[in-house]
Amino acid sequence: SRHLAVIGDGATAAAFLAATDARQGDQLTIIGPWVGRLGAGRVYADHGSGDAWRFGYLLDRPNAAMGRGFAGWLAGQWPELRQEIVAYQPRHLARWHAALSAGDFDAFAAPRALYGRFLSEQSRTRLADLAETGVAIRLVPGIASDIAREGEMFRITLSTGEAIRADRVDVATGGP
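Counting from 40, one number per residue, gives the positions in the sequence shown under the numbering used here.
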């Protein structure tokens with residue numbers, strides 16, 4: 040069995056999770072300050088319901104370029120998502136009325152937070168699938184402050200001083 044670790048909790052961490060070769064008997068540890076919303080990280084996180092700019096930050100590329108399934112997820116969730124968006128950004132929906140009325144979710148400029156929600160859902164599903172196949176999952180809310188080789192293993196030191204040893208580490212910390 041192997042111990043695999045991912046440092047990070049955003050989109051890159053979600054991509055590593057989607058591609059992991061973890062199998063029965065392995066342990067997978069994911070470390071990040073927002074590991075509870077794995078996939079969204081900081082960049083695609085939602086803002087609070089009291090924030091006027093909620094859903095105001097948009098993706099910078101077409102939905103179709105954001106990975107397989109995102110536009111379809113939007114379409115499937117649209118009745119609920121529409122109600123959320125209209126409460127904060129009604130003019131945004133008006134701007135995209137023609138595309139949305141035609142069901143063209145590839146053309147719609149989606150709020151970044153919705154992509155984060157999509158990535159989080161995909162990540163939760165993947166974690167559940169891995170757990171079902173016998174992979175031990177550990178989500179560690181925290182910050183990795185150091186990583187070093189220790190023989191054949193890696194030692195990841197958290198800001199709390201806790202040390203985690205792993206056979207393989209994927210570093211997915213994103214921006215600064």
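Using N, Cα and C, we set each Cβ at its ideal position, and we do this for glycine too. Since this is a predicted model, take the numbers as computed values, not measurements.
| task | Measure the alpha-carbon distance for Gly181 versus Pro118 and round it to whole angstroms. | result | Those two C-alpha atoms are separated by around 35 Å.
| request: Determine, using beta carbons only, whether Pro129 comes closer than 9 Å to chain C. | output: The chain labelled as chain C is not found in the depicted structure, where only one protein chain is given.
| said: For Pro129, count the other beta carbons within 10 Å of its own beta carbon; 16 or more makes it buried, fewer makes it exposed. Which is it? | reply: Exposure of Pro129 is indicated by the presence of fewer than 16 other C-beta atoms within 10 angstroms of its C-beta.
| Range covered by the alpha helix (DSSP H) that runs through Ile124 | Bounds of the alpha helix (DSSP H) holding Ile124 are Phe109 to Tyr127.
| Classification of Arg177 by the beta-carbon crowding that lies within 10 angstroms, buried from 16 upward | The residue in question, Arg177, is exposed, as its Cβ has fewer than 16 Cβ neighbours within 10 Å.
| said: Rounded to the nearest angstrom, what separates Ile195 and Val179 at their Cα positions? | reply: Within the model, the alpha-carbon separation for Ile195 versus Val179 is close to 12 Å.
| query | For Arg93, which three-state DSSP category applies? | reply | Correct three-state label for Arg93: coil.
| query | To the nearest angstrom, how far is it from the Cα of Glu201 to the Cα of Leu153? | reply | Whole-angstrom Cα-Cα distance: 34 Å.
| Between which two residues does the beta strand (DSSP E) carrying His42 extend? | In the DSSP assignment, His42 falls within the beta strand (DSSP E) that extends over His42 to Ile46.
| Secondary structure of Asp168, DSSP reduced to three states | If DSSP states are grouped into helix, strand and coil, Asp168 belongs with the helices.
| query | Between the beta-carbon of Thr145 and the beta-carbon of Ala44, is there less than 9 Å? | reply | Note on identity: in this sequence residue 145 is Asp, with Thr being the wrong assignment. Result no, Cβ atoms of Asp145 and Ala44 do not sit closer than 9 Å.
| said: Could you give the first and the last residue of the continuous beta strand (DSSP E) run that contains Thr196? | reply: Segment Met192 to Leu197, the beta strand (DSSP E) holding Thr196.
| message | Can you tell me whether Leu132 is helix, strand or coil according to DSSP? | response | DSSP, reduced to helix, strand and coil, places Leu132 within a helical segment of the structure shown.
| request: Check Ser88 in the structure and name its three-state DSSP category. | output: Of the three classes helix, strand and coil, the one that applies to Ser88 here is coil, per DSSP.
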